[in-house]
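All remarks here apply to the structure that follows.
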Amino acid sequence: MQWKVGLLLMWTNVRVVLGVSASIAIDFLPDLIAALREQSAVVDAILTPNACKMVSPLYVSALTGRRVYWDEMSADAGWEVPHINLVRDAALFLAAPATANLVGKFANGIADDLVTTTFLACRAPRLVCPAMHPHMWEDRFVQDNIARLRQNGVIVVDPVLGRCATGDVGIGAMAPPENIVSAVARALGFE
Ligand SMILES: Cc1cc2nc3c(=O)[nH]c(=O)nc-3n(C[C@H](O)[C@H](O)[C@H](O)COP(=O)(O)O)c2cc1C
């Protein structure tokens with residue numbers, strides 16, 4: 605019991621910036637956010653424009669209990685320069701789920717939306733949780749991008765074996781929340 609209280613205390617005031625992209629694994633977002641919040645982490649979510657076509661920012665804000673960000677060019681938040689200020693004192697940047705597209709952009713320094721600009725501006729540990737069809741995960745370009753991320757100090761939480769929406773089975777399913785929370789804890793030096 606005592607160690608559990610100690611762990612919860614460690615997580616207090618840990619602010620995780622969560623970048624969300626347009627993968628079918630967005631379905632698991634409620635479980636992931638709940639698992640992070642269960643540890644007492646504060647979660648600030650940013651959605652890619654395509655992710656906003658799969659879930660509404662309003663829905664995600666209800667999950668995090670916080671304002672959600674998606675539009676880099678919005679006058680509403682413009683004065684805050686969100687991609688810089690969101691990560692200035694963040695403990696960690698977590699991209700989950702990360703599409704093949706997002707992995708490719710991260711690996712090549714592309715900064716064309718709020719998730720990618722925030723990733724580049726972040727000086728805290730950065731974790732990426734890929735989620736895609738096994739054929740995409742096996743693709744040489746994707747694997748090269750993953751290797752490039754790892755070579756540059758980004759922590760990649762490997763996808764796992766699963767059945768896709770298409771019925772195909774293989775490696776590409778986003779790691780389950782418990783694996784992701786463990787990887788976050790390790791990155792923060794809690795484990
Ligand atoms: C229903 C649906 C599910 C998708 N699931 C995935 C996925 O799991 N992984 C992936 O890499 N791309 C997936 N895609 C393709 C991405 O949504 C597409 O590459 C998009 O441009 C990604 O945008 P974003 O990375 O900016 O969010 C899916 C597309 C659709 C229509």
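Numbering of the sequence shown is given in our numbering, commencing with residue 605 and proceeding in unit increments. A virtual CB, placed ideally from N, CA and C, is assigned to each residue, including glycine.
8 Å CB neighbourhood of residue i in its chain, flanking five on each side removed
i      : result
Pro738 : Cys768, Asp772, Val773, Gly774, Ile775, Gly776
Arg670 : Val646, Val647, Asp648, Ala649
Arg754 : Val760
Straight-line gap, residue i to residue j (C-alpha atoms, nearest Å)
i      : j      : result
Ala702 : Leu640 : 17 Å
Val788 : Leu696 : 8 Å
Ala666 : Ala681 : 19 Å
Thr722 : Glu742 : 27 Å
Ala731 : Asn756 : Residue identity differs from the one stated: residue 731 is Leu in this sequence, not Ala. Approximately 12 Å, taken between the alpha carbons.
Pro781 : Val707 : 19 Å
Ala715 : Gly766 : 31 Å
Trp683 : Thr770 : 43 Å
Val672 : Leu690 : 11 Å
Arg619 : Phe632 : 20 Å
Asp748 : Gly713 : 14 Å
Trp674 : Asn783 : 26 Å
Nearest-angstrom Cβ-Cβ length linking residue i and residue j, presumed shorter than 8 Å
i      : j      : result
Pro586 : Ala791 : Residue 586 is absent from the structure shown; the chain starts at 605 and stops at 795.
Glu676 : Leu622 : Not a contact, Cβ separation roughly 16 Å.
Ala694 : Cys726 : 7 Å
Residue i Cβ short of 8 Å to ligand 1 heavy atom set
i      : result
Ala779 : no
Met740 : yes
Ser858 : Beyond the ends of the chain as shown, which are 605 and 795, falls residue 858; an answer cannot be given.
Thr703 : yes
Asn654 : yes
Ile750 : no
Ala629 : yes
Ser625 : yes
Proximal residues to residue i (C-beta, below 7 Å), its chain only, five neighbours per side dropped
i      : result
Arg744 : none
Ile688 : Ala725
Ala704 : Met736, Met740, Val746
Pro763 : Pro734, Ala735, Trp741, Ile775, Gly776, Ala777, Met778, Ala779
Ala655 : Val624, Ser625, Ala626, Ile630
Asn617 : none
Val785 : Ala639, Leu640, Gln643
Cut-off 6 Å between Cβ atoms - residues of its own chain near residue i, not counting five sequence neighbours on either side
i      : result
Ile750 : Val760
Val659 : Ile630
Pro634 : Leu667
Lys709 : Thr720
Gln643 : Trp615
Arg796 : Absent from the structure is residue 796, since the part of the chain shown begins at 605 and ends at 795.
Pick from the options that is closest to residue i, judged by C-alpha positions
i      : options                        : result
Tyr663 : Val624, His687, Val685         : Val624
Met572 : Ala715, Ala779, Asp748         : Since the first and last residues shown for the chain are 605 and 795, residue 572 lies out of range.
Ser678 : Val620, Pro653, Glu782, Val764 : Pro653
Val758 : Ala699, Ile628, Val691, Ile637 : Ala699
Lys657 : Val685, Ile628, Phe632, Leu636 : Ile628
Pro686 : Ser786, Leu651, Val785         : Leu651
Ala711 : Pro661, Arg752, Asn783         : Arg752
Residue i Cβ short of 8 Å to ligand 3 heavy atom set
i      : result
Ala769 : Among the ligands present in this structure, namely ligand 1, ligand 3 is not found.
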